[in-house]
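Peer 1: Dropping a structure here in structure tokens format, bear with me for questions.
There are 2 protein chains.
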Amino acid sequence: MKLLEDRILKDGKVLEGNILRVDSFVNHMMDTVLMDELAKEMYNRYKDCKVTKVLTVEASGIGFAYAVARLFACPMVFAKKSRSSNVQGDVYTSPVDSFTHGKTYNIIVSKDYITKDDSVLVIDDFLALGNALKGLISILEQAGASLVGAGTIIEKGYQKGGDGLREKGVRVESLAIIDEMDGKNIKFRPEN
Amino acid sequence: MKLLEDRILKDGKVLEGNILRVDSFVNHMMDTVLMDELAKEMYNRYKDCKVTKVLTVEASGIGFAYAVARLFACPMVFAKKSRSSNVQGDVYTSPVDSFTHGKTYNIIVSKDYITKDDSVLVIDDFLALGNALKGLISILEQAGASLVGAGTIIEKGYQKGGDGLREKGVRVESLAIIDEMDGKNIKFRPEN
Numbered sequence: 014m015k016l017l018e019d020r021i022l023k024d025g026k027v028l029e030g031n032i033l034r035v036d037s038f039v040n041h042m043m044d045t046v047l048m049d050e051l052a053k054e055m056y057n058r059y060k061d062c063k064v065t066k067v068l069t070v071e072a073s074g075i076g077f078a079y080a081v082a083r084l085f086a087c088p089m090v091f092a093k094k095s096r097s098s099n100v101q102g103d104v105y106t107s108p109v110d111s112f113t114h115g116k117t118y119n120i121i122v123s124k125d126y127i128t129k130d131d132s133v134l135v136i137d138d139f140l141a142l143g144n145a146l147k148g149l150i151s152i153l154e155q156a157g158a159s160l161v162g163a164g165t166i167i168e169k170g171y172q173k174g175g176d177g178l179r180e181k182g183v184r185v186e187s188l189a190i191i192d193e194m195d196g197k198n199i200k201f202r203p204e205n
Numbered sequence: 014m015k016l017l018e019d020r021i022l023k024d025g026k027v028l029e030g031n032i033l034r035v036d037s038f039v040n041h042m043m044d045t046v047l048m049d050e051l052a053k054e055m056y057n058r059y060k061d062c063k064v065t066k067v068l069t070v071e072a073s074g075i076g077f078a079y080a081v082a083r084l085f086a087c088p089m090v091f092a093k094k095s096r097s098s099n100v101q102g103d104v105y106t107s108p109v110d111s112f113t114h115g116k117t118y119n120i121i122v123s124k125d126y127i128t129k130d131d132s133v134l135v136i137d138d139f140l141a142l143g144n145a146l147k148g149l150i151s152i153l154e155q156a157g158a159s160l161v162g163a164g165t166i167i168e169k170g171y172q173k174g175g176d177g178l179r180e181k182g183v184r185v186e187s188l189a190i191i192d193e194m195d196g197k198n199i200k201f202r203p204e205n
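Taken in order, these protein sequences are the chains called A and B. Residues 14 to 205 in the numbering used here are what the first sequence spells out, letter by letter. Residues 14 to 205 in the numbering used here are what the second sequence spells out, letter by letter.
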């Protein structure tokens with residue numbers, strides 16, 4: 014999506030270790046005008062699917078997930094993170110390795126809020142190795158819910174998480190896919 | 014706000030220890046249709062103020078803060094939580110005692126995203142003792158930014174955090190204020 018690619022080139026910062034920081038418009042500070050446009054685009058890509066719920070994981074996915082869910086006029090559920098392995102209660106849970114933080118945490122969703130009757134669009138802000146999405150998809154499997162697909166704002170194509178999911182038959186829509194990032198040189202994957 | 018009060022009476026659950034759970038429509042699962050209505054009401058209460066940014070704290074405040082900020086067409090900034098007292102970098106930080114979790118954590122905002130030129134509306138989902146709001150207000154003071162006011166979805170009036178802030182001259186708007194909660198009997202403060 015050109016609007017997003019242009020903004021990444023303008024305001025994104027590539028830090029040492031090939032880390033892309035988009036804190037000034039995607040996370041930490043969200044540009045709500047841009048985010049509403051991104052949400053419209055995501056809605057358009059999935060509007061012909063029956064979506065009964067949008068699922069994300071706290072914290073930085075929540076804003077975009079809300080913006081998408083409101084266009085479907087459906088509820089938005091966010092998985093909670095817990096560092097404790099001792100998760101109790103009537104919940105679905107899945108371990109997720111965090112690339113950014115170098116830790117493993119559990120994501121948790123109450124059994125009340127995702128059920129076998131749901132058709133779920135899974136949303137996150139970033140897609141790198143795909144661990145968060147895999148954890149969310151595992152929760153849908155535990156619930157017996159249908160996975161409509163996944164949607165992310167920025168995919169780091171070179172980390173292969175998105176393509177790995179696509180090879181398994183998961184529909185993954187990312188609004189900008191970065192295939193190469195070398196210092197300040199960012200190369201986006203052409204859109205189909 | 015009657016729409017919200019009715020929904021709390023219908024779907025809220027009062028648990029032992031006078032805990033109100035609204036997980037099925039405010040946090041964990043958000044009813045985006047309701048949330049958009051609540052955001053419109055909050056926007057109407059503050060629309061005559063110059064609001065340049067909406068500030069909240071992760072995680073459960075983010076959805077509502079986004080819904081409000083998009084109506085002002087302004088950025089939404091969320092403070093991050095850290096359990097480490099060793100916070101580094103160019104940030105503002107403030108300690109917050111969590112009533113719900115019985116812990117103290119630091120909230121952190123990058124100095125880049127709140128400045129002395131900002132007029133900020135502080136948003137959260139719940140207001141009990143007011144500790145999170147006080148932490149966010151402290152960050153505005155550190156930044157030299159102007160505080161327009163605070164806005165929350167549900168205020169537990171009997172815990173006095175909101176009234177304490179009002180006595181200090183802070184404008185606090187809550188869409189439902191619970192003045193008494195005894196088992197299943199919830200008594201709302203009449204609106205002015």
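Glycine included, C-beta positions come from ideal geometry on N, C-alpha and C. The structure presented is a predicted model; accordingly, all values stated were derived computationally and were not measured.
What are the residues in the region 25-54 of chain B lying within 9 Å of chain A by C-beta distance?
Peer 2: D36, S37, F38, N40, H41, M42, M43, D44, T45, V46, M48, D49
Peer 1: For the beta strand (DSSP E) containing Y1(A), list its first residue and its last residue.
Peer 2: The requested residue 1(A) is not part of the displayed model; chain A covers only 14 to 205.
Peer 1: According to the neighbour-count rule (16 or more other Cβ atoms, all chains shown, within 10 Å of its Cβ), is K62(B) buried or exposed?
Peer 2: Rather than Lys, the amino acid found at residue 62(B) in this sequence is Cys. Exposed.
Peer 1: List, in chain order, every chain B residue whose beta-carbon is nearer than 7 Å to that of P88(A).
Peer 2: M42, M43, D44, T45
Peer 1: Beta-carbon of Y59(B) versus every beta-carbon of chain A: anything under 7 Å?
Peer 2: False, the Cβ-Cβ gap to chain A never drops below 7 Å.
Peer 1: Does the separation of the CB atoms of Y105(A) and I75(A) fall below 7 Å?
Peer 2: no
Peer 1: Can you round the beta-carbon distance between A92(B) and L149(B) to whole angstroms, since I take them to be within the 8 Å contact cut?
Peer 2: Confirmed, about 6 Å.
Peer 1: So is I75(B) in contact with chain A if we call contact Cβ pairs under 7 Å?
Peer 2: yes
Peer 1: Is the Cβ-Cβ distance between V161(B) and S132(B) less than 7 Å?
Peer 2: yes
Peer 1: Kindly list, in the order they appear in chain A, the residues whose Cβ is closer than 8 Å to that of R20(B).
Peer 2: Here the premise fails: no neighbours, minimum Cβ distance about 13 Å.
Peer 1: Can you confirm whether Y79(B), when its beta carbon is compared against all beta carbons of chain A, has any partner nearer than 7 Å?
Peer 2: yes
Peer 1: Taking 7 Å as the CB-CB cut-off, is Y171(B) touching chain A?
Peer 2: no
Peer 1: Check whether the Cβ of A158(B) lies closer than 7 Å to any Cβ atom in chain A.
Peer 2: no
Peer 1: Is it buried or exposed, S187(A), if we count other Cβ atoms within 10 angstroms and call 16 or more buried?
Peer 2: buried
Peer 1: Residues of chain A with CB under 8 Å from A145(B), in chain order?
Peer 2: Per Cβ cutoff of 8 Å: no residues; A145(B) is ~14 Å from chain A at best.
Peer 1: Please compile the residues from chain B whose C-beta is within a distance smaller than 9 Å of the C-beta of Y126(A).
Peer 2: D36, S37, H41, M42
Peer 1: Alpha carbon to alpha carbon, how far is L134(A) from D138(B)?
Peer 2: Their backbone Cα atoms lie some 24 Å apart in a straight line.
Peer 1: Distance, Cα to Cα, C87(B) vs D44(A)?
Peer 2: Approximately 7 Å between the Cα atoms of the pair.
Peer 1: Less than 7 Å between CB atoms is the rule here; does R96(B) satisfy it with respect to chain A?
Peer 2: No, no contact with chain A.
Peer 1: Can you tell me the Cα-Cα spacing of I32(A) and D110(B), whole angstroms?
Peer 2: Spanning the alpha carbons of I32(A) and D110(B) requires a straight line of approximately 33 Å.
Peer 1: Give me the chain B residues within the contact set of F139(A), using Cβ-Cβ distance strictly less than 8 Å, ordered along the chain.
Peer 2: Neighbours of F139(A) on chain B: none; closest Cβ ~15 Å, over 8 Å.
Peer 1: Please list the terminal residues of the continuous alpha helix (DSSP H) segment that includes V46(A).
Peer 2: 45-59
Peer 1: So what does DSSP say about R34(A), is it helix, strand or coil?
Peer 2: strand
Peer 1: Helix, strand or coil: which one does DSSP assign to I152(B)?
Peer 2: Helix, per DSSP.
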